[in-house]
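*Asks:* Protein chains in written order, with this note's numbering: chain A, 45 to 239; chain B, 45 to 239. Don't be surprised by glycine CBs; every beta carbon is placed ideally from N, CA and C.
(1) Taking the beta carbon of residue 45 of chain A as the centre, do at least 16 other beta carbons fall within 10 Å, making it buried, or is it exposed?
(2) Could you say if the stretch 93-106 of chain B and the stretch 61-75 of chain B meet the contact criterion of at least three C-beta pairs nearer than 8 Å?
(3) Counting only beta-carbon atoms, is residue 225 of chain A nearer than 7 Å to chain B?
(4) Between the stretch 151-158 of chain B and the stretch 83-94 of chain B, do at least 3 Cβ pairs fall closer than 8 Å?
(5) Let me know if residue 117 of chain B comes out buried or exposed under the rule of 16 or more other beta-carbons within 10 Å of its beta-carbon.
(6) Using only the alpha-carbon positions, how far apart do residue 85 of chain A and residue 52 of chain A sit?
(7) Going residue by residue through the stretch 63-103 of chain B, where are the continuous alpha helix (DSSP H) segments of at least 4 residues, counting only ones entirely within it?
(8) Excluding the 5 residues flanking residue 190 of chain A on each side, which residues of the same chain have their C-beta closer than 6 Å to its C-beta?
(9) Between the beta-carbon of residue 61 of chain B and the beta-carbon of residue 99 of chain B, is there less than 7 Å?
(10) Would a check of beta-carbon distances place residue 203 of chain A closer than 7 Å to chain B?
(11) For residue 165 of chain A and chain B, any beta-carbon pair shorter than 7 Å?
(12) According to the neighbour-count rule (16 or more other Cβ atoms, all chains shown, within 10 Å of its Cβ), is residue 71 of chain A buried or exposed?
(13) Rounded to the nearest angstrom, what separates residue 197 of chain A and residue 123 of chain B at their Cα positions?
(14) Roughly how many whole angstroms lie between the Cα atoms of residue 192 of chain B and residue 134 of chain A?
(15) Indicate whether residue 219 of chain B and residue 212 of chain A have their beta-carbon atoms separated by less than 7 Å.
(16) If I follow the unbroken alpha helix (DSSP H) through residue 203 of chain B, where does it start and stop?
(17) For residue 165 of chain B and residue 158 of chain B, I'd like the C-alpha separation in whole angstroms.
Here it is in structure tokens:
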């Protein structure tokens with residue numbers, strides 16, 4: 045319990061919380077554990093995050109955020125919509141697969157946390173479907189895609205690729221046939237978008 | 045422990061096993077529990093199913109079988125392939141949703157059992173993808189569909205609809221928006237099959 049020298053920022057609290065969650069698991073981790081890891085009182089932690097739930101939600105949001113940024117760059121890119129869509133779906137699958145594979149225990153921890161913070165997850169999914177809609181709308185505007193409704197099509201693309209991004213399928217992602225399955229699904233979906 | 049009057053058939057043992065699994069859960073249920081429920085010795089049960097694993101696999105196979113039959117009728121039906129495909133996918137989703145909704149605890153029990161018997165599940169999935177292939181091949185033969193490879197397309201249809209048949213998604217099936225999500229995914233997939 046070393047007294048902290050650097051100022052206690054929300055960022056440092058979130059890092060310590062991730063560490064505690066990882067060590068004790070989401071069922072057992074407490075705010076007292078987080079405070080102890082930082083060498084502060086739990087009252088100090090509560091000055092930054094008013095409840096345990098708020099702290100855990102902030103960790104969930106922080107965990108989900110990096111995916112959004114990389115994909116946003118692809119969505120806002122110039123170039124053919126079909127190529128961009130394939131790249132976006134492939135990048136999402138690759139990011140999920142990498143995170144699940146590198147540290148399956150941590151992935152399971154954050155999955156439990158995400159399930160408990162379904163609002164944070166719903167907002168994350170809405171952002172990602174919004175990015176798909178940007179690509180679909182661009183494809184429609186260029187005459188590359190023939191969909192009537194960009195928002196409905198974006199939702200359909202999201203749900204039709206659930207096997208390749210929903211953490212419930214993480215145990216299948218490293219199976220040898222999964223990459224080919226992904227390519228077959230993408231090919232069928234892209235065929236459905238062409239005029 | 046009433047002594048059994050009717051002959052001890054495999055069917056009766058499977059029924060008793062389902063009952064025991066439901067009561068004690070898949071982690072705790074034993075062959076001794078099954079034998080006790082039937083009023084016989086566990087040696088008698090082992091004469092029909094040589095191992096506990098074989099008994100549990102037979103229960104998993106029995107649980108999965110009814111779906112196959114109803115869907116087979118649709119796959120082998122005459123009529124437009126597109127309508128048949130939509131009906132097949134809709135029937136599978138409806139059957140899964142009904143079984144998950146009627147008795148979520150039993151559904152979870154059998155899901156655990158299915159995970160433990162991945163060969164039985166793999167055979168079940170192969171049968172269902174085979175039925176999709178029958179429909180796709182009929183659509184190609186009639187000029188209704190334009191896919192190059194009926195087998196690859198059947199696999200793509202299966203994986204693109206995972207959210208609506210994979211038990212990992214059971215918790216989403218009764219959400220109000222899921223029926224609309226299903227329709228949007230089907231519409232996109234069918235568009236991808238048209239010439």
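*Replies:* Working from what's here:
(1) The sequence position of residue 45 of chain A within the first chain is 1, counting from 1. No answer about residue 45 of chain A holds up, because its pLDDT of 47 lies below 50 and its placement is not dependable.
(2) yes
(3) Counted from its first residue, the first chain places residue 225 of chain A at position 181. It does; some Cβ of chain B falls within 7 Å.
(4) no
(5) To locate residue 117 of chain B, count along the second chain from 1; it is residue 73. Result: exposed.
(6) By one-based count along the first chain, residue 85 of chain A stands at place 41. By one-based count along the first chain, residue 52 of chain A stands at place 8. The alpha-carbon atoms of residue 85 of chain A and residue 52 of chain A are separated by roughly 12 Å.
(7) 75-82 and 86-92
(8) Position 146 of the first chain holds residue 190 of chain A. Here the set comprises 239.
(9) Translated into the one-based positions of the second chain, residue 61 of chain B becomes position 17. Translated into the one-based positions of the second chain, residue 99 of chain B becomes position 55. Contact: yes.
(10) For the purposes of this step, residue 203 of chain A is taken as the residue at position 159 of the first chain. Judged by the 7 Å Cβ criterion, residue 203 of chain A is in contact with chain B.
(11) What you label residue 165 of chain A is simply residue 121 of the first chain in a count that begins at 1. Chain B contact via Cβ: absent.
(12) Within the first chain, residue 71 of chain A is the residue found at index 27, counting from 1. Exposed.
(13) Here residue 197 of chain A is taken as the residue at index 153 of the first chain, counted from 1. Here residue 123 of chain B is taken as the residue at index 79 of the second chain, counted from 1. The alpha-carbon atoms of residue 197 of chain A and residue 123 of chain B are separated by roughly 28 Å.
(14) Residue 192 of chain B sits at position 148 when you count from the first residue of the second chain. Residue 134 of chain A sits at position 90 when you count from the first residue of the first chain. Spanning the two alpha carbons is a distance of roughly 23 Å.
(15) On the second chain, residue 219 of chain B is found 175 positions in, with the first residue counted as 1. On the first chain, residue 212 of chain A is found 168 positions in, with the first residue counted as 1. No, these two residues do not count as a Cβ contact at 7 Å.
(16) In the second chain, counting from the first residue as 1, residue 203 of chain B sits at position 159. Where residue 203 of chain B is concerned, the enclosing alpha helix (DSSP H) stretches over 194-204.
(17) Residue numbering aside, residue 165 of chain B sits at position 121 when the second chain is read from its first letter. Residue numbering aside, residue 158 of chain B sits at position 114 when the second chain is read from its first letter. So the two alpha carbons sit approximately 6 Å from each other.
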